[in-house]
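Student: Numbering (my numbering), first residue to last: 4 to 146.
We treat Cβ as the ideally placed atom computed from N, Cα and C, and that holds for glycine.
Since this is a predicted model, take the numbers as computed values, not measurements.
1. Please classify residue 103 as buried or exposed, where buried requires at least 16 other C-beta atoms within 10 Å of its C-beta.
2. When DSSP labels each residue in this structure, what does residue 114 get in the three-state scheme?
3. What does the Cβ neighbour count give for residue 69, buried or exposed, with the cut at 16 atoms within 10 Å?
4. DSSP on residue 139, reduced to helix/strand/coil?
5. Assuming contact is defined by CB atoms lying nearer than 8 angstroms, are residue 105 and residue 118 in contact in what I supplied?
6. Please go through the same chain and pick out, in chain order, the residues whose beta-carbon is closer than 8 angstroms to the beta-carbon of residue 113, but skip the five residues on each side of it.
7. Between the alpha carbons of residue 95 and residue 130, how many angstroms are there, rounded?
8. Please report the distance separating the alpha-carbon of residue 135 from that of residue 77.
9. Does the beta-carbon distance from residue 123 to residue 97 come in below 8 angstroms?
10. Residues in its own chain within less than 6 angstroms of residue 60 by CB, not counting five upstream and five downstream?
11. Rounded to whole angstroms, what is the Cα-Cα separation between residue 73 and residue 115?
The following block contains the structure:
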(Lines of atoms letter the chains of each structure in order from A; the text may use other names.)
(Lines give C-alpha, C1' and ligand atoms only; values in the text may rest on other atoms or scores of the structure.)
Protein backbone atom coordinates (compact mmCIF):
# COMPACT_ATOMS: atom_id res chain seq x y z
CA UNK A 4 0.00 0.00 0.00
CA UNK A 5 1.50 3.29 -1.05
CA UNK A 6 1.40 6.19 1.39
CA UNK A 7 0.61 8.76 -1.39
CA UNK A 8 -1.66 11.25 0.41
CA UNK A 9 -2.07 9.14 3.52
CA UNK A 10 0.33 8.29 6.30
CA UNK A 11 -0.20 4.82 7.59
CA UNK A 12 0.42 4.64 11.35
CA UNK A 13 -1.88 7.52 12.32
CA UNK A 14 -5.43 6.49 13.03
CA UNK A 15 -7.95 8.58 14.90
CA UNK A 16 -11.22 6.87 15.84
CA UNK A 17 -10.28 3.93 13.61
CA UNK A 18 -9.74 5.87 10.37
CA UNK A 19 -6.68 7.24 8.63
CA UNK A 20 -6.23 10.99 8.62
CA UNK A 21 -5.29 12.70 5.33
CA UNK A 22 -1.88 14.40 5.30
CA UNK A 23 -3.16 17.90 4.48
CA UNK A 24 -5.48 17.93 7.50
CA UNK A 25 -2.69 17.50 10.01
CA UNK A 26 -0.66 19.79 12.14
CA UNK A 27 2.99 19.02 12.43
CA UNK A 28 2.80 18.29 16.16
CA UNK A 29 3.96 14.79 17.13
CA UNK A 30 1.68 12.74 19.35
CA UNK A 31 3.58 10.84 22.00
CA UNK A 32 1.86 7.55 22.75
CA UNK A 33 3.96 6.78 25.79
CA UNK A 34 7.02 7.85 27.66
CA UNK A 35 8.71 5.41 29.93
CA UNK A 36 12.04 4.87 31.58
CA UNK A 37 13.79 1.63 30.86
CA UNK A 38 16.96 0.08 32.23
CA UNK A 39 19.01 -1.78 29.68
CA UNK A 40 22.55 -2.97 30.46
CA UNK A 41 22.73 -0.62 33.44
CA UNK A 42 21.81 2.48 31.38
CA UNK A 43 18.61 4.36 32.11
CA UNK A 44 17.01 5.75 28.96
CA UNK A 45 13.81 7.61 28.22
CA UNK A 46 11.88 6.00 25.39
CA UNK A 47 9.38 8.08 23.44
CA UNK A 48 7.03 6.29 21.09
CA UNK A 49 5.68 8.71 18.49
CA UNK A 50 2.53 7.45 16.77
CA UNK A 51 1.65 10.27 14.38
CA UNK A 52 0.46 13.84 14.21
CA UNK A 53 -2.45 15.71 15.78
CA UNK A 54 -5.41 16.30 13.50
CA UNK A 55 -7.10 19.69 13.86
CA UNK A 56 -10.16 19.65 16.07
CA UNK A 57 -13.47 19.87 14.24
CA UNK A 58 -15.51 22.82 15.56
CA UNK A 59 -18.78 21.00 14.78
CA UNK A 60 -19.74 17.83 16.65
CA UNK A 61 -22.74 15.66 17.39
CA UNK A 62 -25.04 16.13 20.37
CA UNK A 63 -28.10 14.07 21.39
CA UNK A 64 -30.33 17.11 20.70
CA UNK A 65 -28.67 18.20 17.44
CA UNK A 66 -25.16 19.55 16.87
CA UNK A 67 -22.69 21.68 18.80
CA UNK A 68 -20.66 24.46 17.27
CA UNK A 69 -17.50 25.99 18.78
CA UNK A 70 -17.21 29.67 17.82
CA UNK A 71 -14.78 32.51 18.48
CA UNK A 72 -16.74 35.76 18.65
CA UNK A 73 -15.39 39.24 17.91
CA UNK A 74 -18.01 41.70 19.24
CA UNK A 75 -18.12 45.35 18.25
CA UNK A 76 -16.99 44.69 14.67
CA UNK A 77 -17.89 46.96 11.76
CA UNK A 78 -20.30 44.30 10.41
CA UNK A 79 -21.72 40.89 11.29
CA UNK A 80 -20.07 38.11 9.27
CA UNK A 81 -18.66 34.60 9.39
CA UNK A 82 -14.90 34.85 8.80
CA UNK A 83 -13.81 31.18 8.71
CA UNK A 84 -11.61 29.16 11.07
CA UNK A 85 -9.84 30.51 14.12
CA UNK A 86 -7.70 27.80 15.74
CA UNK A 87 -10.25 25.19 16.91
CA UNK A 88 -13.36 27.29 16.31
CA UNK A 89 -15.27 29.20 13.66
CA UNK A 90 -14.61 32.94 13.79
CA UNK A 91 -17.72 35.13 13.74
CA UNK A 92 -17.60 38.93 13.81
CA UNK A 93 -20.60 40.60 15.48
CA UNK A 94 -21.49 44.27 15.03
CA UNK A 95 -23.33 44.48 18.37
CA UNK A 96 -21.42 45.55 21.50
CA UNK A 97 -20.68 42.95 24.20
CA UNK A 98 -22.91 44.69 26.73
CA UNK A 99 -26.04 43.26 28.27
CA UNK A 100 -25.99 40.11 26.11
CA UNK A 101 -26.60 42.06 22.87
CA UNK A 102 -23.73 40.32 21.03
CA UNK A 103 -24.92 36.90 22.23
CA UNK A 104 -28.44 37.56 20.92
CA UNK A 105 -27.12 38.66 17.51
CA UNK A 106 -24.84 35.59 17.43
CA UNK A 107 -27.71 33.20 18.17
CA UNK A 108 -29.92 34.92 15.57
CA UNK A 109 -27.14 34.56 12.98
CA UNK A 110 -26.60 30.86 13.75
CA UNK A 111 -30.36 30.22 13.60
CA UNK A 112 -30.66 32.00 10.24
CA UNK A 113 -27.72 30.12 8.73
CA UNK A 114 -28.59 26.62 9.99
CA UNK A 115 -32.38 26.72 10.24
CA UNK A 116 -32.33 25.25 13.77
CA UNK A 117 -32.87 26.65 17.26
CA UNK A 118 -29.61 27.87 18.85
CA UNK A 119 -28.65 28.26 22.51
CA UNK A 120 -25.33 28.83 24.30
CA UNK A 121 -24.05 25.76 26.16
CA UNK A 122 -20.90 27.35 27.55
CA UNK A 123 -18.97 30.60 27.37
CA UNK A 124 -21.80 33.13 27.69
CA UNK A 125 -19.34 35.80 28.89
CA UNK A 126 -16.33 34.55 26.92
CA UNK A 127 -15.22 35.08 23.34
CA UNK A 128 -15.02 31.33 22.79
CA UNK A 129 -18.47 29.77 23.03
CA UNK A 130 -20.08 26.38 22.46
CA UNK A 131 -23.48 26.69 20.81
CA UNK A 132 -26.10 23.92 20.69
CA UNK A 133 -28.16 23.92 17.50
CA UNK A 134 -31.33 21.89 18.06
CA UNK A 135 -33.32 20.24 15.30
CA UNK A 136 -30.50 19.85 12.77
CA UNK A 137 -27.82 17.24 12.19
CA UNK A 138 -24.06 17.70 11.97
CA UNK A 139 -24.06 17.53 8.17
CA UNK A 140 -26.48 20.44 7.89
CA UNK A 141 -24.40 22.60 10.21
CA UNK A 142 -21.18 21.70 8.35
CA UNK A 143 -22.72 22.65 5.01
CA UNK A 144 -24.00 25.91 6.50
CA UNK A 145 -20.55 27.02 7.73
CA UNK A 146 -18.41 26.18 4.67
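Tutor: Let's see:
1. buried
2. helix
3. buried
4. helix
5. no
6. 81, 144 and 145
7. 19 angstroms
8. 31 angstroms
9. no
10. 67
11. 22 angstroms
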